[in-house]
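Here the sequence shown is numbered in the working numbering, starting from 509 and rising by one per residue. What follows is a single structure, written as structure tokens, with notes after it.
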Amino acid sequence: MAVKVEELLTADINQPARYLGNELGAAHKPWDAASVRWVLTYPEVYEVGASNLGHIILYNILNAGPRQLCDRAYLPAPDLAAKLRSTKTPLFAVESRRSLTEFDILGFSLSYELGATNILEMLDLAGIPLTWQERATNRQNGQMPLIFAGGQTATSNPEPYADFFDFIALGDGEELLPEIGLILAEGKTNNLSREALLLDLAQIPGVYVPQFYDMAADGSVHPNRPQVPERILRRVATPIPAYSIGLVPYVQTVHDRLTVEIRRGCTRGCRFCQPGMLTRPARDVEPQQVVEAMEQGMQATGHSEFSLLSLSCSDYLALPAVGMEIKNRLKDKNISLSLPSQRVDRFDDNIADILGGTRQGGLTFAPEAGTQRMRDIVNKGLTNEELLRGVKTAVDRGWDKIKLYFMIGLPGETDFDVLGIAETVRWLHRECRINGRRGLNFNLTISNFTPKPHTPFQWHSVSTAEFSRKQKLLKEEFRGMRGVKVNYTDVRISAMEDFVGRGDRRLAAVVRRAWELGAGMDAWWESLDQAYKAWTQAIDESGLTWKYRQVESGEWNLFDKEEGRRKKEEGSSATDSVTDVTDVTDVSPMSVGRREKEEGRRKKEEGREIKEDFPNSPDLPLSPSPSLPLSLDQALPWDHLDTGIDKNWLKIDLQKALEAATVPDCSFEGCSRCGVCGTDFGHNVVVDALPIPEFAGEFVPNTERKQRLRVWFGKVGDMALVGHLDLIRLFDRVVRRADLPISFTGGFHPNPRISLANALPLGVTSTGEIADFELTESIDIESFREKLVAKLPENIPIYKVESIDLKAPSASQLLEAAEYVVTVAVGGSLTENGELDHENSAPVSLAPDANWEAWVKTIVETEAFWRVHTTKSGKTQDVNLRDRLHKLELVEQKPDSSTSARSATSEGRAVLRFTGSCRSDGNLLKPEHIVFMLEQVSQQEIQLLQVERSQLVLGYG
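Here is the structure:
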């Protein structure tokens, strides 16, 4: 049964269009025709989830399958979540508006260590038991849907979340999810039990069913039945760009553009980078597929910006040729290209040529470390010369602001390396002057390194106390440096990420308790204090405080070089200061928190403690720590997951990190023997560089104005919940999709000449809106109307189109008044109302039996209704609302069925029609002002139930 969403999306709900499921590209497949019904549930707010490329691709693939239906759900914002709970309404899928419990399977994206609390929030809102154990024994409301997770964190280490999911999808989902769908359809046909169905799913490579595995005392995981594999294979798929073309939201999303993947996987071998390890081998997409998908996608979606996506876009050697070909094909469409963070050593004039457009976007590089030694330790493969050359190229090509990413807390880092970040920025400032004079602006993000599973640094631990100290060093160093804005990752986020990210199944209780205590949306700054308090309390209650204290202090450090370990045997070279990985077992836990004692730290006076940046942290006592098995051969909670990376290779690469030795990129040089390439995972697929087409020139806005068409349109049904700015963006995309010859403004940021007469308040329907369109060539009015209607949502009907003289004033300039039809109701006697301005109220005396007709007549006959108006600048002024009221009449009067005992003449509802000022200078009469006047004459509380704008009145003189 469908949830009555329209009753939930009242005026107190922010951005209600998030929950409508009416976007361009939404599938809306028939419910009864499907044998398997999916929901892809993204555990973030709509603006994040709806623009996630993986979410869009899997949604399109599942809906392309016969008898498979895929709907979507997102984490509701706190306002809607509170309303769902207060009204006992279950969380729903946005297209079918059905409760999530009505579906067969829910798939969550788990791409972030702290995202599981959002998943628990969504399950709870849906009325679904949180753990697989509870769901298996739950007989209420029939069979519960299967709950699974996929994504980077789920593939990396699902153990802290194992209790919450029936199964985990490891790796790429393009081929895996359809295979799961076939097993589900067969299982439903054969009426399999939940356990039998999961056992069938466990036979699919890439499906991990945690309940069929047990955790040993050392944290390792092993099968508890012979029918399942000891190690579960990560799935690898080839990207298909055509599936990137899909949803076009009406609200502005985080990545409000068309995105097409050009390369999946990265073989650069950065030792801190989990995605680079988990997505091998590298697979380039055929250039022709990219170009065709982008050309078709831009036409189908109407986007004004596109992005080419990869972990390292500039390693796609065909990038300059592909980017130029797309720009040339779309040169008359006023589009721009953006790229994610890219390799500064590959940034050159060819890449600069394809970026931007009429709207030059930002540029982001990631040097990661401030010294050459640190960049070699992490295998960044970047020299100072390459960094300087890339930044200088950007300056020469017109960029005056660049974003740089750095990390602190990397293995082997000293204070010299930390301060090297500031010195690097100072050096770039000095060497890269704009026009030889003005300094370049830098926006820096300095994050805290947290070791990740399946990387060479997975055995290394960091100290959050050191994070705080190093941040203070940098803050002092950057103080007073001009042209630099520095953002630091909150240490509390890093502490929680590290604690959970490399944990085992014991952490499931911590995650659940943290959610119960209020943790959620943990990456959002406004929730951080509450989330951190909840996490620390949950950790304290779990008995794992000792483990968390190791995160604070640094559990152990691979670069802790004691003099006795520098020489493994007599006669070692005096320059050999590197600890062999085989010596790691000798590192004493007693050295916790006493590493990397650089000169500045040693000079601190004895007994002085470093104050951590945890102002709201409860005082967690240090519990006794069990002995730490520090061998690199110790079992890890994720060893049963076969990602393709050989664990022995990670040890070897760790040894090279200790030696500050770099490893070349195996996509372009020799094989590094990481273990991935083979039958199960495939091999690197690299497309060679292609000839770069000749540049056809930047978009030149056609500012000619040959015709102006005035369009009268409506905004009805659920489109009333789309805001004014979103409506303007919608018309822009509709014109692009309809291929109408729209005229553009001039200047650096040309915009289409589309002008709406007046902003319609959110939630108000209308049958009388007006918009002006100026065209570069004359077009038949009926043809224009047909093209517009074909691309507009059905709830934006076109009523009339007229040709207007180009020299005539615009509709917004001519606007004088607006006609509204409002439904109002009596809410009770008004004894005190804070909105009323009693001091300036017109003296009105009514009989006790006054009714709507009398109240309307009194308003019409009264000369003044004064109200204090506050301007945007904060100034107040007295306004006579009666001067703004042109006409008021009672259309219909009826008693409220819920108040049958009351008099029908003095209670109930009424439909009123009024015409009032609606001018661009701010002289407005709003529906709320009619309520204000009604309350004054009736001395009753009046409720505004429904508003429709029926007409905009233009003054043609």
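We treat Cβ as the ideally placed atom computed from N, Cα and C, and that holds for glycine. Given the structure is predicted, the values throughout are model-derived calculations rather than measurements.
Contacting residues, own chain, Cβ-Cβ under 8 Å from residue i (five flanking each side not counted)
i	result
R1216	D1280, F1281, E1282, L1283, S1311, I1312, D1313, L1314, A1316
A1204	K835, N836, K839
N646	P637, M652
E738	H730, P731, H1148
Simplified DSSP state of residue i, which is helix, strand or coil
i	result
A693	helix
K717	In the sequence on display, residue 717 carries Val and not Lys. Looking at V717 - three-state DSSP - the assignment turns out to be coil, as it is neither helix nor strand.
L1452	strand
I1438	helix
T997	coil
A525	helix
S1425	strand
K835	helix
G1430	coil
T932	helix
M989	coil
N858	helix
S1175	coil
H487	Because residue 487 is not part of the residues shown, which for the chain are 509 to 1465, the question remains open.
K1402	strand
T1457	Strictly speaking, residue 1457 in this sequence is Arg, with Thr absent from that position. Three-state DSSP puts R1457 in a strand.
P1249	coil
P749	helix
E876	strand
A1273	Sequence check: residue 1273 is Thr here, not Ala. Residue state, collapsed to three classes: strand.
N892	helix
S976	helix
V1330	strand
S955	strand
Residues bridged to residue i [DSSP beta-bridge criterion]
i	result
G917	Bridge partners of G917: none, in fact.
L1462	L1323
Y1040	The partner list for Y1040 (beta bridge, DSSP) is empty, contrary to what the question assumes.
G679	R743
R791	R772, V1193
V1387	R1375
W1510	Outside the shown range of the chain (509 to 1465) lies residue 1510, about which nothing can therefore be said.
S815	T767, S846
M723	V729
T1151	T1151 is not bridged to any residue.
P1467	Absent from the structure is residue 1467, since the part of the chain shown begins at 509 and ends at 1465.
K909	N949
L863	Partner(s): none; L863 has no beta bridge.
Sequence-distant residues of its chain with Cβ nearer than 7 Å to residue i (five each side left out)
i	result
L1268	K1223, H1232, S1274, E1277, R1457
A644	R702
Q1038	G1026
S1286	K1214, Q1215
N1388	A1372, F1373, W1374
Cutoff 6 Å; reference residue i; Cβ partners in own chain excluding five residues on either side
i	result
G947	H937, G991
V1419	T1331, V1399, E1400
M915	E876, S955, F957
G658	A677, G681
L532	V756
K960	Q782
I929	G878, F914
Within-8 Å CB hit, residue i to chain C
i	result
D1313	The structure shown has no chain C; it contains just one protein chain.
Worksheet item: Taking one C-beta from the stretch 1261-1271 and one from the stretch 1438-1449 each time, how about it: are there three or more such pairs within less than 8 Å?
Response: no
Fill in: Every unbroken alpha helix (DSSP H) inside the stretch 542-615 [4 residues or more]
554-557, 561-572, 586-594
Worksheet item: Should the stretch 720-732 be called in touch with the stretch 605-612, which here means at least 3 C-beta pairs below 8 Å?
Response: no
Worksheet item: Using 8 Å as the threshold, is the stretch 615-628 in touch with the stretch 667-679, meaning 3 or more CB pairs across them?
Response: yes
Discussion item. Could you tell me which whole alpha helix (DSSP H) segments of length 4 or greater appear in the stretch 624-669?
Written reply: 624-634, 640-645, 660-664
Discussion item. For the stretch 746-758 against the stretch 788-795, do three or more pairs of beta-carbon atoms, one drawn from each stretch, fall closer than 8 Å, so that the two count as touching?
Written reply: yes
Worksheet item: Do the stretch 545-552 and the stretch 515-532 meet, that is, are 3 or more Cβ pairs less than 8 Å apart?
Response: no
Worksheet item: Does the stretch 1164-1179 come within contact of the stretch 887-905, defined as at least 3 CB pairs closer than 8 Å?
Response: yes
Discussion item. Between the stretch 1173-1185 and the stretch 801-809, can you find at least three pairs of beta-carbon atoms closer than 8 Å?
Written reply: no
Discussion item. Between the stretch 534-549 and the stretch 569-587, can you find at least three pairs of beta-carbon atoms closer than 8 Å?
Written reply: yes
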